[in-house]
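Take a look at the structure below.
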Amino acid sequence: MGKPGCNLRVAVKGGGCSGLTYDLDLVDSPGENDKIISSHGLELYVDKKSYIFLAGTELDYSGGLNGKGFVFNNPNAKTSCGCGTSFSI
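Each residue of the sequence shown is one higher than the one before, starting from 224 at the first, in the numbering used here.
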């Protein structure tokens, strides 16, 4: 918090083999209608239109054998692609 470009903004966009994809971006401040989630001294901004797709989602970081990166555990996803980058509701 307080450092330029150090807050994570999450959104859902159309695309990918399952229809929807996660979009992550580092931003200075939230968008006008973003929902702000604070946890462990960090702020996460969620696009207002995307919040319904992300409600209840856990965002983890994996450094496993399949590569390093964020992993979304989304209880709303009915299906997801094998690579984990897209999903459907």
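Beta carbons: idealized from backbone N, C-alpha and C, even for Gly.
As the crow flies, the alpha-carbon of Thr302 is around 7 Å from that of Ser241. In this structure Leu249 does not touch Phe293 by the C-beta definition: roughly 12 Å separates them, more than the 8 Å allowed. Annotation for Leu277: the continuous alpha helix (DSSP H) segment containing it runs 274-277. Your pair Asn256 and Lys271 checks out as a contact, with CB atoms roughly 4 Å apart and the cut at 8 Å. In this structure, the alpha-carbon of Glu281 lies about 17 Å from that of Gly287. Taking Asn299 as reference, the option from Tyr274, Asn289, Tyr284, Gly290 with the minimal CA-CA separation is Tyr274.
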